[in-house]
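Structure first, commentary second.
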Amino acid sequence: MQTAKNLGEYRSELREALSDDFLRKAMDNFAVAYRVSREKAFAGMDIEAVVQNIAKTKDNAVARMDELFAQFKQKAEAAGAVVHLAKTAGEANEIIASIARKSGVKRVLKSKSMTAEETHLNHHLEAAGLEVTETDLGEFIIQLRGEGPTHMVMPAIHLSRYEVADLFEDVTKQKQDSEIEKLVKVARRELRAKFNQAEMGVSGANFAISETGTLAVLTNEGNARLTATLPRVHVFMVGLDKLTPNVEDALTAIKGLPRNATGQAITSYVSWITGPAQCATGPDGKKELHIVFLDNGRTAIAKDPLFAQALRCVRCGACANVCPVYRMVGGHKYGHVYIGAIGLILTYFYHGRDKAKNLVQNCINCGACKAVCIAGIDLPRLIKEVYARIQDEEGHSLPNAMLGRVLQNRSLFHGLLRAAKLVQRPITGGTPFLRHLPQFFAREQGFRALPAIAEKPFRDMWASLKPKVVAPKATVALFAGCVQDFVYPEQAEAMVKVLAAGGAAVEFPMNQSCCGLPVEMMGEKKAARDVAVQNIKALDPATFDYIVCGCASCASHLKKAYPRLLADDPGMALTAQRFADKVIDFSSFVRDVLGMDAASFTNDALKTAYHAPCHLCRGLGVTKQPRELIAMAGEYAQAAEEDVCCGFGGTYSSKFPEVSAEILAKKLSHVEATGAARLVTDCPGCVMQLRGGMEKRGSKTAVRHIAEMLADNLKG
Amino acid sequence: MSQKNALVDEFAAKAQAVSAFVSRVASPEEALEKVMAMCLERSACELLATGCELPLSGDAARLCDGKQQKVVAAPGLKKDLSKKLAKLCGDSGVRFVTEGLRDYVAGVDIGFTVADRAIAETGTMVFNSDSEDLRLATMVSEIHAALVPTSRIVATAMDMAPELRKTFSGAPNYTAFITGASRTADIERVLTLGVHGPLELHIYLWEDK
């Protein structure tokens, strides 16, 4: 739940979550175990095909939402159900309360429904004097706590057995053992008694099949079956996004949903319910069956060309499972009702700007959610877009707008960086780190040593560095990015050395500027577009065979975002695509295009760990080349969770330093566990984070850009 | 190995992977005998109603008190099988019920059913559950025992799609896929069986033709 009024309040809530030791441990165990069980569940299957099929069938259903609703209503009513359509959350709650009133219901049983969580149905029914009992074990537990879920599939993952035992003592008025098996059995008996008394059941559904008016419900506990069987009245509460044309499409989604959610091939129970089934206590021996569809903005989202894909979501919860931020802070702080990456998006639409405005900034943009999404939703992009919209609606914050304006003017931006170099002198203490940070800054950024701006930027060194290559294999433009240009020029220098040794003629076009990712992350879309145009003009794709980049974040932004940002600009769209086609990351270029191999390097046999930058391994899908290169020039030692974010995330680490620090700590511990003397990565941003963290720890592990490692070991 | 045998083996392996107990029987009667034997050997001096031995609230404890005798429920069986099971129960002093399962929410020891279909790829059984008694027998029982005639096994759920469409069209309809026992991992992600429904699922494979 989001109650923070501003970012400051939100951050203090995050700090509180970070200090919850049980939560941190539970989340850690889960994050690691989840990946293993997911992999097992999909073993031997073509996951990409499953994702494509689900995306395709869901897109089709979302586009036909109105038509499918009409068909569903006709079929379900012909079968004897009553179908309602609620425009808003309030309307849905009132429809359900009035069904209860008319049917003389006093006790309501609920089987898990995120849609009912969305509308806060329980509060409404309780206010109407009804007794409401959640029957899903996790939901039952959090209901006793008066909380919302912290995970869509495992709502009580943040609680320990001891906390559950305490809650059950309140319920039973008896002393409880904290053994999990016993607690589950106590819940079984307590809830069995409730099942025996309730007059109305309320449940969600995973699919509403329009062709036959059928609802499909997936559960593991079986509570949905009891909820839909024992009481004489049953109400399904379903979002319009659950409409599905036919049983085939539902089965297509079921192939991916439980596997992606919990690593199961299928849930224990799948119930397919069409019309009112036999019910001994119902009118005429049949169930009184109502189906309440909730719109609450879904019709509008379905028509939005960008956001319609958010309605593909099948609520598996995987985007939370792999999110490095969720892992640190848990679901109460990483969502309002809907949790994880999809929660950051849906909160804006279903619960409003106020609940979303802080939350949506808490994305580190690592792309882990997008890579795991079973419906292929481009979650990071939609999150950025929500942030941009909120700023368009509320006004852009001063720092964001200023950065946007500065970046749009390259000479102003670079002038400021040069000026910063001069004022930093008193605080570097003669080291490459900012040693004596002003107190207010140090308190939050103290988890890592921040680098100083370099004495001489790469662009000023270029004229004296430019190598002469006879009969080059390719002519390439080097895109350095701000960090290599102004903070780590030695990385760009190392790249040039390796590229020349491999036979590439290198140019460094001086008019290149920041790639624009930071402003896009801040929701400054216009600035992001302007900067893209400047860079495309500076690095003319007609002149170069390749545009080589040693920064994973810049490279993936140049390659993936530029064509998208400029797609609607008739003068630039085609050039942007040509530009993007020529962009390649340093490791892939060296390995695949220049064909450099073990013969090109001496092997220094130094034990070397690797950090896979998010924007390289997921953003560009490059995983093999850097590891091969490392093994050619040193001894590659595999660390745990190599492809999990280092916590940098560009502006993220200055906005949420407390979270960034914790993600970094985990990363460094994994590296230290390998006993590596050197940590290599292929992104200067990651280097900044990792080196700063190692320095702060007093670690002896050297953090190097892969180009530096290769340049040091070049043969000849 | 014939294609059919491969399907049966896959079904058995997948069902076992989700902790179902799978065995083969030569006839439906043999399955009944196994069910009776299990009923008698289990908890010889206590009734099966999991959780009733634990500290409960007044309401929950009173419901437990409602169960005073071993009960086997088997709604919807063919007449001859039903008669046979009734006799086996009668001989052993076990109450045999085929209807009015609502009165046995306190607990049923074993619910015995015959699957309409089974799906090999996931070890799933499919039941046409229009009958409230059938639904309850597969839910409120401590142990669910089911006979699966091997001729009814299909390879994938998608293979059943045309049949499912037809079934749903004959509304009202309640079709259930059941795979393994009732399970939860809601407390500390520890897998626990039998949170609401059966704690154990026993499957008897019968080569019917």
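Note that the protein sequences, when read in sequence, are chains V and B.
All residue numbers for the first sequence refer to our numbering, where the first residue is 1 and numbers rise by one.
All residue numbers for the second sequence refer to our numbering, where the first residue is 1001 and numbers rise by one.
Cβ atoms here follow ideal geometry from the backbone N, Cα and C, with glycine treated the same way.
- Contact with chain B is found for V247/V, since one of that chain's Cβ atoms lies less than 7 angstroms from the residue's Cβ.
- In the structure shown, the three-state DSSP call for H414/V is helix.
- L215/V is bridged by DSSP to A208/V, I273/V.
- Residue contact with chain V for E1132/B: present (Cβ-Cβ distance below 7 angstroms to some residue of chain V).
- In the DSSP assignment, S653/V falls within the unbroken alpha helix (DSSP H) covering 652-655.
- In the DSSP secondary-structure assignment, N1173/B is bridged to T274/V.
- With three or more CB-CB distances shorter than 8 angstroms, the region 349-368 of chain V counts as touching the region 5-22 of chain V.
- Under the three-state reduction of DSSP, H670/V is assigned to helix.
- For M154/V, the residues of chain B that pass the 9 angstroms Cβ criterion are A1185, D1186, R1189, in the order they occur in the chain.
- Just measuring C-alpha positions, the residue of A81/V, I301/V, F195/V sitting nearest I291/V is A81/V.
- Using beta-carbon distances, V1148/B does not count as an interface residue toward chain V, since no partner is under 7 angstroms.
- Under DSSP, the beta-bridge partners assigned to A1146/B are T1113/B, I1203/B.
- A buried status is given to V1105/B, since no fewer than 16 other beta-carbon atoms sit within 10 Å of its beta-carbon.
- At a Cβ-Cβ threshold of 7 angstroms, A280/V and E1142/B do not count as neighbours.
- T1138/B places its beta carbon 7 angstroms or farther from that of K185/V.
- Collapsing the DSSP output to three states places R678/V in a strand.
- Of all residues in the region 261-275 of chain V, only T262, Q264, A265, I266, T267, S268, Y269, V270, S271, W272, I273, T274, G275 come within less than 9 angstroms of chain B when Cβ atoms are compared, listed by chain position.
- At a cut-off of 7 angstroms, the C-beta of R189/V has a neighbouring C-beta in chain B.
- For N220/V, at least one C-beta of chain B is nearer than 7 angstroms to its own C-beta.
- Among the residues facing chain B, N223/V is included, as its CB has a counterpart in that chain under 7 angstroms away.
- Check the Cα spacing between E1163/B and each of V62/V, A86/V, W272/V: the tightest is with W272/V.
- Collapsing the DSSP output to three states places E131/V in a strand.
- Looking only at A1074/B, Y1174/B, V1126/B, the smallest Cα-Cα distance to A1155/B is reached by V1126/B.
- In terms of beta-carbon proximity, L130/V stays away from the interface with chain B, with every pair separated by 7 angstroms or more.
- Around the CB of H123/V, fewer than 16 other CB atoms lie within 10 Å, so the residue is classed as exposed.
- Per DSSP, reduced to three states, the secondary structure at N1128/B is strand.
- Closer than 7 angstroms to the CB of T1098/B there is not a single CB belonging to chain V.
- Proximity of chain B to A253/V at the Cβ level (cut-off 8 angstroms) is not reached, the minimal Cβ distance being about 11 angstroms.
- With respect to G213/V, K75/V sits close: the two C-beta atoms are nearer than 7 angstroms.
- Counting only Cβ-Cβ distances below 8 angstroms, F1177/B has contacts in chain V at I266, Y269, V270, S271, W272, in chain order.
- For D485/V and R529/V, the gap between their C-alpha atoms comes out near 21 angstroms.
- Judged by beta-carbon spacing, G619/V lies beyond the 7 angstroms limit of G263/V, meaning their Cβ atoms are not closer than that value.
- Look at H332/V here: in three-state DSSP terms it is coil, with no helix or strand label.
- Of all alpha-carbon atoms in H615/V, V337/V, N713/V, E635/V, the one lying nearest the alpha-carbon of K370/V is that of H615/V.
- At least one C-beta of chain B is nearer than 7 angstroms to the C-beta of N196/V.
- Here the region 320-338 of chain V lies against the region 656-671 of chain V, with 3 or more beta-carbon pairs under 8 angstroms apart.
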